[in-house]
Every structure is written in C-alpha cells, then in structure tokens.
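Colleague: Encoded as structure tokens, here's the structure I'll be asking about.
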Amino acid sequence: EAEVAQSPRYKITEKSQAVAFWCDPISGHATLYWYRQILGQGPELLVQFQDESVVDDSQLPKDRFSAERLKGVDSTLKIQPAELGDSAMYLCASSMGGTSGADGIQETQYFGPGTRLLVL
Amino acid sequence: EDKVVQSPLSLVVHEGDTVTLNCSYEVTNFRSLLWYKQEKKAPTFLFMLTSSGIEKKSGRLSSILDKKELFSILNITATQTGDSAIYLCAGGAFGSARQLTFGSGTQLTVLP
C-alpha cells in the first residue's frame, strides 16, 4: 500500500540551529501539505503545494520557516533558526489534487508518520 | 475564521462500553467532515461525510453528519483497548485549496 514517507522520524536540536524535514508523498498525488501539531492540539496547516506551486502559506512563519517542492514531488520544510516553541510534530500529508480546480469531490488527505522535533 | 470544536476533550471507558464523540463545526463553504484516528503517530483516515443523515459504518465505528445543526458524531460500540487513541475531526470547504480545519481531538482511553 502506498504511503507518505517522512524523515527523520525524530529530531533533537538546540535553539538557533537549523533543521530540515523531508516528505515524499504518495506517487501521483499532486497536492502536498505540511502541518504542525502541538501536543494536545489538532494539526494546523503550515503550507500547501499544488505540484510545485505554493497554494497557501499564510500560516507559515516566514521569518524562520521555508518550504519547497522544486520538482513537484518530494518536499522539504526548513526552520532556521529553531526556537523552543517550535517543538512539535511536523506532519506531511498528500492528496490526489487534480489540476482542473474542480471541487466536486473532497479529497482524503493521507498522512505520513511525522517528524517529532524537540528544541532544547 | 473556520473553527472545529470537539467534545469531550478526553474520555475514559471500560472495554465493552459504547462511546459517542462529538464534533461541531463552523466552516465557510462547508463541503465535508472527516474523521481520523491518531495513535502514537500520524492520523489515519476513518470516514468522510458529505450528506446529512446518512450513516457511514466500518465495523464497530459509525458516524453521521447533521448539516443543519453543524455537527457530527462518531460512535464506537463494544470498545476495545485498541480503540484507545485521539480521534480528530476536520472540516473541508469548497474551493481550490481543498484544505481541512482540524479540531483539537478527543483522547479516548479504553481500560481492560
């Protein structure tokens, strides 16, 4: 069964350091999402890609966070410099996301295993 | 701003009990309501509901949507310890972004 891959699974870093997370969506899925989930809360969307283009990054703290999906397949999320408050689970999800923009069907998002970040 | 609220925040039951988890939503251009189960890892998909009053079932789990009252419930009958997890609901809206707004989840603990 196809899955969303993420790495690393766990990351411990000191504040002010740079960290990067990688996500490989399900093959053929055009839409890719990065979420942040703080303990005890639901996932919050950070950035959404449609192929290689950013659809929504309104919740991404752009002073320290960046995301790219250069070839429209896998994606990298970077934090520089990391702060204590960035400790959270970072989830990647993908959905089929056709390019026509038709909304007849809500698509299921499939999540990867997540990267748990601890900033010391 | 779109909002999804789940209740209760946490629930402890014994095996064999039946539980009902609640989800209310305020989502502009609402399209569908999704339920996910999250154990110690990423959320896994359970149900997608788009029409009012039509129950979806999968084994001991079932869910229904009320688009007039803007809520959904997830029922689990004959609970087992393996049902212990966080149950998340999310609202999806019409629009090219296909985004989901998640609630904070209900932590269900099933004791033997």
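Protein sequences appear in the order of chains V and H. Under the numbering used here, read the first sequence as residues 1 to 120, first letter to last. Under the numbering used here, read the second sequence as residues 1001 to 1112, first letter to last. Glycine included, C-beta positions come from ideal geometry on N, C-alpha and C. All values reported here derive from a predicted model rather than from experimental measurement.
Please compile the residues from chain H whose C-beta is within a distance smaller than 7 Å of the C-beta of Q59 of chain V.
Modeller: As a position in the first sequence, residue 59 of chain V is number 59, starting the count at 1. Simply none; closest approach about 10 Å.
Colleague: Is the distance from the Cβ of M89 of chain V to the Cβ of G112 of chain V below 8 Å?
Modeller: Position 89 of the first sequence, counted from the start, is the residue given in the question as residue 89 of chain V. Position 112 of the first sequence, counted from the start, is the residue given in the question as residue 112 of chain V. No, Cβ-Cβ distance for M89 of chain V and G112 of chain V is not below 8 Å.
Colleague: Name, in chain order, the residues that DSSP records as bridge partners for G1016 of chain H.
Modeller: Here the question's residue 1016 of chain H lines up with position 16 in the second sequence. In DSSP, G1016 of chain H forms no bridge with anything.
Colleague: Could you compute how far the alpha carbon of G1059 of chain H sits from the alpha carbon of S27 of chain V?
Modeller: Taking the second sequence and counting its residues from 1, one reaches residue 1059 of chain H at position 59. Taking the first sequence and counting its residues from 1, one reaches residue 27 of chain V at position 27. Between G1059 of chain H and S27 of chain V, the C-alpha separation is close to 29 Å.
Colleague: Can you pull the chain H neighbours of G114 of chain V, defined as C-beta to C-beta under 8 Å?
Modeller: Here residue 114 of chain V refers to the residue found at position 114 of the first sequence. Per Cβ cutoff of 8 Å: K1041 and A1042.
Colleague: Apply the 10 Å Cβ neighbour rule to R36 of chain V and answer buried if 16 or more other Cβ atoms are within range, or exposed otherwise.
Modeller: The count along the first sequence starts at 1 and reaches residue 36 of chain V at position 36. Buried.
Colleague: Where do the N-terminal and C-terminal ends of the beta strand (DSSP E) with E1039 of chain H fall, by residue?
Modeller: Reading the second sequence from its first residue, position 39 is the one you call residue 1039 of chain H. Counting along the chain, E1039 of chain H falls outside any beta strand (DSSP E), and DSSP gives it neither H nor E.
Colleague: Based on Cα-Cα distance, which residue from V:Q50, V:G40 and V:V55 lies nearest to P25 of chain V?
Modeller: Stepping through the first sequence from its first residue, residue 25 of chain V is reached at position 25. The residue with the shortest Cα to Cα distance from P25 of chain V is V:Q50.
Colleague: Just the C-alpha distance for I38 of chain V and K1068 of chain H, rounded to the nearest angstrom, thanks.
Modeller: One-based indexing of the first sequence puts residue 38 of chain V at position 38. One-based indexing of the second sequence puts residue 1068 of chain H at position 68. C-alpha separation (whole angstroms): 31 Å.
Colleague: Of all Cβ atoms in chain V, is any one closer than 8 Å to the Cβ of Q1080 of chain H?
Modeller: The residue given as residue 1080 of chain H occupies position 80 in the second sequence. By this cut-off, Q1080 of chain H is not an interface position.
Colleague: According to the neighbour-count rule (16 or more other Cβ atoms, all chains shown, within 10 Å of its Cβ), is F65 of chain V buried or exposed?
Modeller: The residue labelled residue 65 of chain V in the question sits at position 65 within the first sequence. F65 of chain V comes out buried.
Colleague: Would a check of beta-carbon distances place Q109 of chain V closer than 8 Å to chain H?
Modeller: Locating residue 109 of chain V in the first sequence gives position 109, counting from the first residue. So yes, Q109 of chain V belongs to the interface.
Colleague: Which same chain residues, not among the five before or five after E52 of chain V, have their C-beta less than 7 Å away from its C-beta?
Modeller: In the first sequence, the residue the question calls residue 52 of chain V occupies position 52. Counting only Cβ-Cβ distances below 7 Å, and skipping sequence neighbours, we find R69, L70, K71 and G72.
Colleague: In this structure, how does DSSP classify L118 of chain V when only helix, strand and coil are distinguished?
Modeller: Along the first sequence, one-based indexing puts residue 118 of chain V at 118. Looking at L118 of chain V - three-state DSSP - the assignment turns out to be strand.
Colleague: Drop a sphere of 10 angstroms on the beta-carbon of I12 of chain V, count the other beta-carbons inside from all chains shown, and report buried for 16 or more, exposed for fewer.
Modeller: The residue given as residue 12 of chain V occupies position 12 in the first sequence. Exposed.
Colleague: Run through chain V and tell me which residues come within less than 7 Å of L1100 of chain H, C-beta to C-beta.
Modeller: In the second sequence, residue 1100 of chain H corresponds to position 100, counting from 1. Going along chain V in sequence order, the residues near L1100 of chain H (Cβ under 7 Å) are Q109.
Colleague: For F1045 of chain H, which residues in chain V fall below 9 Å Cβ to Cβ?
Modeller: As a first step, residue 1045 of chain H must be located in the second sequence, where it is residue number 45. Under the 9 Å cutoff, chain V gives T108, Q109, Y110 and F111.
Colleague: For M1048 of chain H, which beta-bridge partners are listed by DSSP?
Modeller: On the second sequence, position 48 is the one that residue 1048 of chain H refers to. Note: M1048 of chain H sits in a beta bridge opposite H:L1034.
Colleague: Taking 6 Å as the limit between beta carbons, can you name the residues of its chain near G77 of chain V, skipping five residues before and five after?
Modeller: Start at 1 with the first residue of the first sequence, and residue 77 of chain V comes out as number 77. In the sequence on display, residue 77 of chain V carries Leu and not Gly. Only F21, W34 and A67 meet the Cβ criterion.
Colleague: Quick one: does P43 of chain V have its CB under 8 Å from some CB of chain H?
Modeller: As a working note, residue 43 of chain V is residue 43 in the first sequence. Cβ-Cβ to chain H under 8 Å: yes for P43 of chain V.
Colleague: Keeping to the same chain, check which residues put their C-beta closer than 6 Å to that of V47 of chain V; ignore five residues upstream and five downstream.
Modeller: Numbered from its first residue, the first sequence carries residue 47 of chain V at position 47. Cβ within range, chain order: W34, D57, L60 and A67.
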